[in-house]
Amino acid sequence: MTDPIQADWLLATLEDARDALDTAIDSLSRHPEEAEEILTEEIAAAYAKLNYAVNTARCGAEGLDTMEDDELVAYPVKELPF
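Take -18 as the starting number for the sequence shown in our numbering and just add one per residue.
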């Protein structure tokens, strides 16, 4: 049986991802000439935060102690069916 999703943790980590995406959107709207850098840095960071949210949704903060850094931000192939 899988662990239940820790809704409070998931909400907090999704809000962090949203903040990162909002920053990227704001940067792009103010500096479209920097689109390449914004894509490879700020949007990539937002993706990493979304992956982190999904990868730690069930284990919460414990994931920081039990998972490797690369696992925390990797695409969550085990959780998402596509």
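Glycine included, every Cβ here is placed at the ideal spot set by N, Cα and C.
Under DSSP, the alpha helix (DSSP H) around residue i begins and ends at which residues?
i     : result
Arg11 : Ala(-12) to Arg11
Gly44 : Gly44 to Thr47
Glu15 : Looking at the DSSP string, Glu15 is not in any alpha helix (DSSP H), and its letter there is neither H nor E.
Glu52 : Asp50 to Val54
Quick one: grab the DSSP three-state call for residue i.
i      : result
Thr21  : helix
Leu61  : coil
Ala27  : helix
Ala125 : Because residue 125 is not part of the residues shown, which for the chain are -18 to 63, the question remains open.
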